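Participant: Count along the sequence shown starting at 1, add 345, and that's the number in the working numbering. Ideal placement from N, C-alpha and C gives every residue a C-beta, glycine not left out. None of the values given here were measured: they were computed from a predicted structure. Just dropping this structure here.
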Amino acid sequence: MIFNYNNLLIFTFVVFIILNLYLNKHSFFYLIPSILLFIIITQFLKADSFLWISMIIFIIILNNLHLKLENLILYSFILLSIIIIILSNNLIILYLSVEIQTFSLLVLIGSYRNNIKSLEASLKYFILSSISSGFFLLGLVYLFKTSISLDLNLFNFVLNNSSFFYSFSNSILILSLLFKLGLAPFHYWIADIYEGSDFVLILLLSSLCKLSIFIILLKFNNNFEMLMFLGGLSIVIGTIAGFNQTKIKRLIAYSGISNFGFIIISLSLNNIIGIEICLLYLFIYLFTNLFIIMILILYKDNIEFIIELSGYFMNNKILTIALVIITFSIAGIPPLLGFLSKFILISTLINYNYIITGCLCLLITCIGIGFYLRIIKILLFQNNNFYVSWNNIISLDKNNLYLNFIYLGFILYYTLFYLLNPKFFISLITYLLNL
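Written out as structure tokens, the structure reads:
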């Protein structure tokens, strides 16, 4: 059975290469599958690009679940809140949408009543989300007291010509959003929440939930100096703390803190190039993170420690090599896709005379490769301290597995072969900004 699934992964990967070679007889360096993807996105999906990304991730999440009715309702509420966040510019509506998402997540995290870590994570998420929501409401009160308006467009217009009071309320609102994103120094809760959740819920927390909060952040005229400082602090803390982790869920949490630090730094450039880099990095991170967590979702046993990844190469070489490639990519090893986003960001920072920030990003990227290499060492060279047989650990039904391996093959293709036409990704992000 596993051999067939490996064949499906290879088949999906090879099909994109054959399409590329067959449809373009003049040059291998112009990716026809990329052009087809670009046409689909730009011609048929005229709605907000964030909405479609959210729908794709949501479908993948549902594909990996055997949902009870009540859980399906909660997941639907989360998707509904994200749609409202994307379409609304009223601060009260945005606040209520975030709260719908928060309470749905609260119930989902605490749904494993026999798991003490799940109950602990649910309680922590409730308390800390309440604090964040309190700061958001405080910012709304100060804003409404001064401007008598909660329309975000009017708020941003007034903020450009305003006093300290507007800037203060704007800073409080942004800090509350950064708290929900789990950026440093508001990061202490996120690793505990991830540890008390299963991998499907971690996929939701690290993709759709962060994406929705980030969309709200994009709607603001931000305090860019503060964002650059907190982004730099996040990449330092996320990378250094990642070295000390022995549990894979906590490592995913700190990896997310570090990568969102890079995203926030690119946003803080305060120009169209910075936003393009920000969205490019965000999309690449979402899909590489999606790949890694999807592989972990395929296991019946809930992996807790990183050392439990040992021996996988002997059990399934194809999928392990794919995981190694994606891990190299998220670490920023050239010439893979993750290298593109980091390279463009660091180059842009240096070109705009943010020399210290650029050098910090470069240094942290080099240091961060260390804990990703530790995972690769365990995957490829570690002895089987925990023998795991792939024939016994995959528990999802056949149709779900077929879809999962098609997703993995698609992501693997773009991770490896983006370098043949990197202009496609830049053109796509530029177009999406103008939709």
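List the endpoints of the continuous alpha helix (DSSP H) containing asparagine 846.
Facilitator: There is no way to answer for residue 846, as the model of the chain reaches only from 346 to 780.
Participant: Whose C-alpha, out of Thr665, Ala466, Ile701, is nearest the C-alpha of glycine 577?
Facilitator: Cα-wise, what sits closest to glycine 577 is Ile701.
Participant: Of all the options Ile629, Lys462, Leu485, Arg719, which has the alpha carbon lying nearest to the alpha carbon of isoleucine 437?
Facilitator: Checking every option, the nearest Cα to that of isoleucine 437 belongs to Leu485.
Participant: I'd like to check one pair, threonine 710 with serine 674: are the Cβ atoms closer than 7 Å?
Facilitator: Cβ distance not < 7 Å, so serine 674 and threonine 710 don't count as in contact.
Participant: Any idea which residues DSSP pairs lysine 662 with across the strands?
Facilitator: Answer is none; lysine 662 lacks a bridge partner.
Participant: From the DSSP output, in three-state form, read off phenylalanine 531 for me.
Facilitator: Reduced to three states, the DSSP call for phenylalanine 531 is coil.
Participant: Return the Cβ separation of serine 542 and isoleucine 454 in integer angstroms, given the expectation that the two are a contact with Cβ distance under 8 Å.
Facilitator: With 8 Å as the limit, serine 542 and isoleucine 454 qualify as a contact, their Cβ atoms being about 6 Å apart.
Participant: Under the three-state reduction of DSSP, which class applies to aspartate 496: helix, strand or coil?
Facilitator: Looking at aspartate 496 - three-state DSSP - the assignment turns out to be strand.
Participant: From what residue to what residue does the alpha helix (DSSP H) around lysine 592 run?
Facilitator: From DSSP, lysine 592 is part of no alpha helix (DSSP H); its letter is neither H nor E.
Participant: Run through DSSP, which three-state label would phenylalanine 673 get?
Facilitator: Helix at phenylalanine 673.
Participant: Which of the three DSSP states is assigned to asparagine 696 in this structure?
Facilitator: Residue state, collapsed to three classes: helix.
Participant: Count the other C-beta atoms from every protein chain shown that fall within 10 angstroms of the C-beta of cysteine 554, then say buried if there are 16 or more, exposed otherwise.
Facilitator: The residue is buried, with at least 16 neighbouring Cβ atoms inside 10 Å.
Participant: State the DSSP-derived secondary structure class of asparagine 435, mapped to helix, strand or coil.
Facilitator: Reduced to three states, the DSSP call for asparagine 435 is strand.
Participant: In whole angstroms, what is the alpha-carbon distance linking proline 679 and isoleucine 428?
Facilitator: Approximately 36 Å between the Cα atoms of the pair.
Participant: Confirm, please, whether the CB-CB distance from isoleucine 561 to leucine 522 is below 7 Å.
Facilitator: It is a contact, given that the beta carbons lie within the stated cut-off.
Participant: Per DSSP, which residues does phenylalanine 650 bridge with? Please list them.
Facilitator: DSSP output for phenylalanine 650 lists Lys592 as bridge partner(s).
Participant: What do you reckon, are the CB atoms on leucine 705 and isoleucine 691 nearer than 7 Å?
Facilitator: Cβ atoms of leucine 705 and isoleucine 691: not closer than 7 Å.
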